[in-house]
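Below is one structure, written out as structure tokens; comments come after it.
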Amino acid sequence: MTPLAQLLEAALFSACRPLTVEELSTLDQDATLADVRVALEQVREHYDFEQHGVELLELAGGYQILTRPIHAAAIERAQFSVRTPKLTAAALETLAVISYRQPVGRAEIEEIRGVSAGGVLRSLQERGLIEVVGRSEGLGRPLLYGTTPLFLELLGMRDLADLPRSDELTIALQPHRALAVGMDDAAAYVEAES
Amino acid sequence: MTAPEAPTTALGAGPGFVVQLDAFSGPLDLLLHLLRDEQLEIADIPIARIADQFLQAVHELGLNQAADYLDMASRLVRLKAQMLLPRHFEDDGWEDPRAELVRRLLEYQQIREIAVWMGRSAERRAEQFARGYLPAPPELPPPPLTLDLMVLLQAVERVISAIPSPVLHRVVARPLDVESATRRIEALLEQHGEIAWLDALGPRPTIVDVLSTLLALLELAKRGSLRLLQPAPFSPMVIARDPACTTA
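Same order as they appear, the protein sequences are chains D and W. Once you know that position 145 of the first sequence is 1016 in the working numbering, the rest is easy, because the numbers rise by one and skip nothing. Once you know that position 146 of the second sequence is 1192 in the working numbering, the rest is easy, because the numbers rise by one and skip nothing.
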């Protein structure tokens, strides 16, 4: 590994969150963003080629060293680390609405899910998975929510583009304009199914 | 969640139809579950049947406490009524009253699908551990103040001068002695019949004596015991015995 790759490896090892290419480039004044990307690739290949117990992953817009899934059970059995608790169905549904429709207000979330969302929104906010990103111009200027980088981290996504696209879902869906399914779409869906 | 504590309940007559209450994340979920169970198309919901089943499920699951479920139940009952209204075949303007519900169900189904995908992603991600979490360092106290003794003393002085001085009110016993002034004036009038204002005051009068005497004079004049005369403007006041009073 080049000296730059070693430096990046050390930095990534010391950090407990994903580091962006921009952040990593501050380690060495002479290194360009392209240099950093090449060096990161070197680190990744090194881990893979030498069959290390850890790997370099692209997460939430940055890079992070993580243990390989195959060791999860043993590490957990020894209680060196614990799995993040699973999200409830209500939390996942709420995150699904927010991630596709952000910025989105509470009323819209409740309309789509058919249940009140106050408690779920609060706990998601406390866990740092969503945040208030603004206020609507509508009546009462309700708060608008959006997802955080931590949300991407929790789901192992690089960015929001990693969300399933419309053609990957059973029902056609466009991110952001996502859930405005008219009756025409519904009819098309039924036809396609039958 | 909206669903209260959840006993596993057998619902309906269908064998193996076991409903776990906390498995539902809302009325739309329950509705989808019923549709799936009956293998019905979302786009062509037999409203009457599904409304009855929904109400039955809500009742049997003890969900009737949950406002969200009751809201959906009332919508379904209204839809059921709307579907029963007669309509003409030629009526092109007829809009399926179920359209809104179908749209919501499809929308919700998408959300469910994404939620399942997200759940799987999170589970996969949870298989990999990062470095242990280090809590953020606590916030440092503000840096020590840099100032010399003089600045500090001046500041103390400013603070002290800003303290308002307490408002004190001195209470004094009422010193006016109208009664003895009255007696003195009466005695003087007894002797002289007519006295000057300055005579009535007595020797070395204080402000209190002046006031007492004035009040006594006014009081006596009111009673009619004496008369106050002033022969000309700005001339000294003359105090005279009231002749009517003397005879009495």
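Even glycine gets a Cβ: it sits at the ideal position worked out from N, Cα and C.
Annotation note: the segment 1218-1291 of chain W contains the following uninterrupted alpha helix (DSSP H) runs of length 4 or greater, listed N- to C-terminal: 1224-1238, 1243-1247, 1253-1269.
Distance check between H923/D and each of V909/D, L911/D, R939/D places R939/D closest, using alpha-carbon atoms only. Following the DSSP letters along the chain, one finds E1159/W inside the alpha helix (DSSP H) bounded by residues 1145-1172. Contact between R977/D and L1014/D holds, with the beta-carbon distance rounding to 7 angstroms and staying under 8 angstroms.
Its chain contains no residue whose beta carbon lies nearer than 7 angstroms to that of G1009/D once the 5 sequence neighbours on both sides are disregarded. The three-state reading of DSSP puts R972/D in helix, counting H, G and I together. Below the 9 angstroms Cβ cutoff, chain D contributes G985, V986 as neighbours of P1073/W, in chain order. Per the coordinates, the alpha-carbon of L1077/W lies some 8 angstroms from the alpha-carbon of I1096/W. Per DSSP, reduced to three states, the secondary structure at R984/D is helical. The C-beta of E964/D comes closer than 8 angstroms to at least one C-beta of chain W. According to DSSP, I936/D shares a beta bridge with L927/D. The segment 1078-1096 of chain W makes contact with the segment 1114-1130 of chain W; the number of CB pairs closer than 8 angstroms reaches 3 or more.
In this structure, the beta-carbon distance from T965/D to I941/D does not fall below 8 angstroms. Taking a contact to require three or more Cβ pairs closer than 8 angstroms, the segment 1218-1233 of chain W and the segment 1254-1263 of chain W qualify as touching.
Taking CB atoms only, M1028/D has a neighbour in chain W less than 8 angstroms away. A distance below 8 angstroms separates the beta carbons of A960/D and S1071/W.
The shortest C-alpha to C-alpha distance from Y1016/D to any of R954/D, V991/D, E1024/D, D1033/D is the one to V991/D. Against chain W, the beta carbon of I946/D has neighbours under 8 angstroms at F1175, listed in chain order. The C-beta distance from A943/D to E1173/W rounds to 4 angstroms, short enough to meet the 8 angstroms contact threshold.
About 6 angstroms separates the beta carbon of L898/D from that of A882/D, a gap short enough to meet the 8 angstroms contact definition. When C-alpha distances from P1282/W are compared across S1211/W, E1240/W, L1151/W, P1132/W, the shortest belongs to E1240/W.
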